[in-house]
Amino acid sequence: IDKIGTNQIFLRPSMTKFIGKDAKLEVCSIGKTIPYYLNRNIILLLGVHNVPDITFLDMQQSMLDDLDEMMFDHDTAVKMLPGLSGPNSDTRSSLLRMLYSGFRPEREPFLFSCLHAIRSHHLFTLRKKARIFVEKGAVLMGGLDETGLVPAGCIFLQVSKQDKRDPTKRCSEIINGAVMVTKHPVMHPGDVRMLLAVNIKELHDHRNVILFSRKGLRPEPNKMSGSDLDGDEFAITWDTRLFLKEWNNCSEERRMKATIFDLRRTNADPMEYNAASTSSVKPLPSDDNLMTTALLDHFVDHMKNDNLGRISM
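Residue numbers (my numbering): 2 to 314.
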């Protein structure tokens with residue numbers, strides 16, 4: 002990897018899906034910090050790991066209070082808006098520029114109406130999917146530590162956030178200590194895992210991505226919903242209120258002093274996500290009429306069994 006030039010990329014054999022003549026490279030997505038929201042599915046699963054119900058009620062009430070205060074308080078709007086979903090990046094940037102320029106929502110009708118629409122969106126999703134904002138959390142694209150410096154059961158994590166001293170600027174924060182990581186949608190108690198975030202100087206150039214260790218008997222991403230690192234996004238939080246079992250509501254000092262072995266005992270055994278056998282799959286018929294019928298049956302079955310929207314973030 003050290004021999005790769007500036008305008009070169011390196012592909013593993015598993016990344017070559019087919020051989021083609023087109024040498025163009027298209028970038029589908031880049032690493033960025035996405036606000037993390039709980040949903041009904043993860044709330045139920047965290048309850049299995051002894052996270053008390055009052056935690057979710059308190060987080061929900063705090064979110065409702067902030068949404069209400071945002072409508073009439075300039076400082077709260079500046080703090081809340083960067084982390085809220087709903088508006089696209091251009092709209093959010095325009096509203097933030099208005100706030101940074103001194104416009105106040107209680108005096109500017111356009112700004113007030115935009116914030117009101119954002120608030121209505123979050124109240125709707127809160128009622129429909131229980132989407133509760135997690136301030137100490139993020140959704141990040143997963144990647145592999147190519148250096149081999151991250152130990153098994155550990156991750157490296159550096160996120161961008163709003164600078165408290167200057168809200169118009171962004172800064173980076175390296176997360177250390179125990180963290181809770183999962184991959185939506187979650188279906189099994191082993192899909193939610195406690196891992197250890199470590200600070201490795203050689204990886205400081207990596208931002209807004211969660212780097213997993215390449216060591217261990219089984220990759221950590223595969224333990225969470227059978228995920229891999231082909232663009233999958235993982236939810237991570239360092240809010241101790243959402244930690245599992247005996248780590249729930251632990252002190253910040255204990256979180257920072259956690260070890261891999263302590264956290265490993267907390268995690269449930271992961272589910273085995275083996276590929277389905279193709280021996281029972283019937284080949285498509287050669288007759289055009291029969292093929293049309295087979296394709297129609299396939300799409301109807303897919304629509305009947307499509308539950309991803311109910312359990313996704």
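Idealized CB from N, CA, C, for every residue including glycine.
Counting C-beta atoms within 10 angstroms of its own C-beta, Ile55 has fewer than 16 neighbours from the protein chains shown and is therefore classed as exposed. Collapsing the DSSP output to three states places Arg194 in a strand. Val180: member of the beta strand (DSSP E) spanning Gly178 to Thr183, first to last residue. Between Ala139 and Tyr38, the CB-CB gap reaches or exceeds 7 Å.
For Pro36, the secondary structure class from DSSP, reduced to helix, strand or coil, is strand. Judged by DSSP secondary structure, Phe57 falls within the alpha helix (DSSP H) whose first and last residues are Asp54 to Met71.
Distance from the CA atom of Arg13 to the CA atom of Glu147, rounded to whole angstroms, is 12 Å.
For the pair Met225 and Ile175, the Cα-to-Cα distance works out to about 23 Å. Counting along the chain, Lys137 sits inside the beta strand (DSSP E) bounded by residues Phe134 to Leu145. Considering only Asn223, Asp240, Leu243 and Phe244, the residue with the shortest C-alpha distance to Glu234 is Asn223. Taken atom to atom, the span from the alpha-carbon of Leu82 to that of His117 is near 12 Å. Judged by DSSP in its simplified three-state form, Cys172 adopts strand. In this structure Val135 is buried. Its beta-carbon is surrounded by 16 or more other beta-carbon atoms within 10 angstroms. Leu196 and Arg265 have their alpha carbons spaced roughly 8 Å apart. In the structure shown, Leu82 falls within a helical segment according to DSSP collapsed to helix, strand and coil.
Along the length of the segment 213 to 264, whole alpha helix (DSSP H) runs at least 4 residues long occupy 221 to 224 and 253 to 257, reported in chain order. Per DSSP, the beta-bridge partners of Ser161 are Ser173. If you check the CB distance, Gly154 and Val210 do not come in under 7 Å. Around the beta carbon of Gly232, fewer than 16 other beta carbons lie within 10 angstroms, which makes this residue exposed. Here DSSP, grouped into helix, strand and coil, assigns Val210 to strand. The C-alpha of Lys162 lies about 6 Å from the C-alpha of Cys172.
Taking a contact to require three or more Cβ pairs closer than 8 Å, the segment 112 to 127 and the segment 21 to 34 do not qualify as touching. Our two residues, Arg242 and Ser214, have alpha carbons roughly 26 Å apart in a direct line. Less than 7 Å divides the Cβ of Ala259 from the Cβ of Gly178.
Here Val180 is near Ala198, since their CB atoms are less than 7 Å apart.
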